[in-house]
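All residue numbers for the sequence shown refer to the numbering used here, where the first residue is 2 and numbers rise by one.
Even glycine gets a Cβ: it sits at the ideal position worked out from N, Cα and C.
In what follows, a single structure is set out as structure tokens and then discussed.
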Amino acid sequence: MVVASSAAIAYRWFSGTIPVDVFRVRSGRVDEITAAVSAGTVKSPLEAVLSTETGGRVSEVLVREGSTVRRGDVLARIVDPELARQGEATAAEEEQARDALLQAEAKRQEAVIRVRAERGRAGNNLRKARVDHRRMEELFQDGFVSRSDLEAAATLLGNAEEEARIAAAGESTLRALDREIDVLRGRIDAARARTAVLTARRSKLTITAPFSGVITKKSCEIGESKLPGEALMTLADPSSAYVEAQIDEADAARVRVGQTARLSPEAFRGEIFTGRVSEVRPTVEASKEVSRANTIAITLTSAPRTLRLGMSVDVEVLTGGKDNVPLIPSAALMERDAKKFVYVASGGKAVRRNVMVGVSNWDRTEILTGVSPGEDVVTSLEIKDLAPGSRVGIRSRQ
């Protein structure tokens with residue numbers, strides 16, 4: 002490069018001729034391109050911000066940004082000391098109620114045996130006392146026994162009846178034990194219900210993937226405390242990725258669903274892939290970065306493997322174009338005093354030509370008037386001494 006540059010300088014010094022690169026005007030296609038006002042972003046329609054309903058301390062993080070996960074994979078775990086304390090207290094309460102229930106059931110079983118025995122014995126004694134009393138009454142009427150004997154039999158009957166009443170009262174003891182058992186069983190059921198609730202809450206402390214995808218953002222570290230609902234990480238499905246970009250509201254009318262878009266990741270300059278406009282949102286948005294713009298969505302028709310969710314992408318939408326029109330490189334076009342012009346290498350001199358242009362993009366521009374196919378337009382505009390009438394020599398031609 003140094004040798005070539007030195008040679009060019011020497012050539013100009015001795016001959017007074019400026020070496021230039023030219024483009025021969027030809028007919029071809031010029032695409033009309035509408036560029037996004039800022040870089041677009043690769044997004045996913047299926048995205049979830051994962052959090053925990055119960056706050057706590059992050060005890061384990063099993064993924065990082067960019068990790069690929071499958072549905073059901075464990076992503077992180079949270080520890081809630083208060084929830085653990087409640088669980089221990091509920092388990093202890095249930096255990097105490099179970100022990101008390103076992104004791105009450107054993108006590109009732111013993112009471113059943115005792116009451117049945119007492120009731121049977123009292124019943125037998127009562128029946129015997131009644132028989133003896135009737136027989137004494139008959140003997141007394143026949144004069145075979147004294148009144149004192151009859152009164153003794155009556156006393157025995159009264160004692161037997163009292164014993165029967167006491168035995169019957171044992172049934173109330175059983176009913177009291179039954180009520181105690183019902184209360185204890187209710188305590189156990191309540192403890193089980195609380196345990197189920199706590200178990201459900203604890204299960205939510207284990208963060209799992211609701212669907213297969215990629216972790217696009219991680220907002221937690223081990224040891225951090227998180228409030229209920231606070232974001233831990235973001236999961237997205239890359240299989241249906243699309244690009245979201247903003248188009249200046251003045252250009253939005255030219256952008257329509259179905260148009261082709263050219264996309265280039267800022268992280269991988271030179272890589273070009275394509276998509277189609279799938280949505281043009283009707284609302285105009287304003288922000289600090291963009292004055293007023295419409296948001297568009299682009300469905301990808303081809304994409305490099307290096308493309309990742311969240312990447313910034315330069316966006317150009319092909320909103321029209323013309324075939325078989327005279328064209329020049331857009332870089333050859335200059336403007337001064339609101340007039341567009343080019344330099345044409347003609348007859349060994351640089352000739353300024355005012356031009357009118359049609360469809361234009363970053364690469365090519367349609368020429369309506371000013372130059373014709375076959376003419377050589379100067380493209381090496383970095384030459385400071387180039388002016389109308391300058392002597393030029395063609396160094397290369399495209």
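Residues Phe274 of the same chain have their beta carbon placed closer than 6 Å to that of Ala304, with the five preceding and five following residues left out of the count. Separation of the CB atoms of Val360 and Val31 is rounded to 5 Å, and the pair is thereby assigned contact status at 8 Å. Unbroken beta strand (DSSP E) stretches of 3 residues or longer found wholly inside the stretch 129-212: 207-209, given in chain order. The residue from Arg128, Arg282 and Ala194 with its alpha-carbon nearest to that of Glu163 is Arg128. Counting of Cβ neighbours within 10 angstroms places Ala77 among the buried residues, the total reaching 16 or more. Here DSSP, grouped into helix, strand and coil, assigns Gly67 to coil.
By the criterion of a C-beta distance shorter than 8 Å, Ile19 is surrounded in its chain by Arg13, Ala351, Ile384, Asp386, Leu387, Ser391, Arg392, Val393 and Gly394, once the five residues flanking it on both sides are discounted.
Buried is the label assigned to Thr320, since at least 16 other Cβ atoms lie within 10 Å of its Cβ.
By the 16-neighbour rule on beta-carbons within 10 angstroms, Asp190 is exposed. Per DSSP, Gln247 is one residue of the beta strand (DSSP E) stretching across Tyr243 to Asp249. Counting of Cβ neighbours within 10 angstroms places Gly159 among the exposed residues, the total staying below 16. DSSP places Pro20 inside the beta strand (DSSP E), whose first and last residues are Ile19 to Arg25. Its chain contains Ser265, Pro266, Pro305 and Thr307 as the residues whose beta carbon lies nearer than 8 Å to that of Glu272, once the 5 sequence neighbours on both sides are disregarded; these appear in chain order. A direct Cα-Cα distance of roughly 20 Å separates Gly73 from Gly230. The C-alpha of Ala333 is placed about 11 Å away from the C-alpha of Val26. The beta carbon of Glu376 sits closer than 6 Å to the beta carbons of Val26 and Val345 from its chain, once the five residues preceding and following it are set aside; these are given in chain order. Beyond the five residues adjoining it in sequence on each side, Gly259 comes within less than 8 Å, by CB distance, of Arg277 and Val278 in the same chain, given in chain order. Within the DSSP bridge table, the entry for Ala49 names Leu236 as partners. Across the set Arg309, Ser331, Tyr243 and Pro330, the C-alpha of Tyr243 shows the shortest separation from the C-alpha of Thr296.
Closest in C-alpha terms to Gly348, from the list Arg263, Val378, Arg136 and Thr156, comes Val378. With at least 16 other beta carbons inside 10 angstroms of its own, Gln247 counts as buried. Under DSSP, the beta-bridge partners assigned to Ser347 are Lys350. Take the alpha-carbon of Thr35 and the one of Leu84: they are about 56 Å apart.
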